Amino acid sequence: MNILINVLIGFHLLLCLLLVVLVLMQRPKNEGLGAAFGGGMTSDLFGARTTDVLQKATQTLGIVFFLLTLLLAWLYAHQSTGSNIRLPSTTPAMAPPAPGATPAPGVL
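Quick note on this note's numbering: the sequence shown kicks off at 523 and runs consecutively.
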């Protein structure tokens, strides 16, 4: 299970970086930072509907991000509770000594 969690964390980090890049590539209404990150290139690549493509990709990656976060949280919770479960012992407990009985010499 640890290998699966580590692979999903790596995918999660890649997804975070991809989301950051997609958000920075989008053009705001006043042409802020979006113009610096390929404003002309994205319109050449995706055509006149660049904003729609980037918004749909951001929305899809955002949904995948949240679902993957929930899956990782569930896996961590399942891993921590699954490995620490201790079943009660089947051996009978030792009875306390009878009142007035003295232990054998050398036994504490």
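Yeah, the Cβ is synthetic: ideal placement off N, Cα and C, and Gly gets one too.
All of these numbers come straight from a predicted model, not from anything done at the bench.
Assignment of Met547 by DSSP, reduced to helix, strand and coil, places it in the helix class. In the three-state reduction of the DSSP assignment, Gly622 falls in the coil class.
The beta carbon of Met523 lies closer than 6 Å to those of Gln601 in the same chain, with the five residues before and after it left out. Minimum Cα-Cα distance from Leu536 among the listed residues Ala599, Pro621, Leu590 and Gly622 corresponds to Leu590. In terms of Cβ geometry, Ala579 and Leu544 form a close pair [threshold 7 Å].
Spatial neighbours of Phe533 in its own chain (CB-CB distance under 8 Å, excluding positions within 5 residues in sequence) are listed in chain order as Leu590. Pairing Leu597 with Ile527 gives a Cβ-Cβ distance under 7 Å. The beta carbon of Phe587 is closer than 8 Å to those of His534, Leu537, Cys538 and Leu541 in its chain, skipping five residues each way along the sequence.
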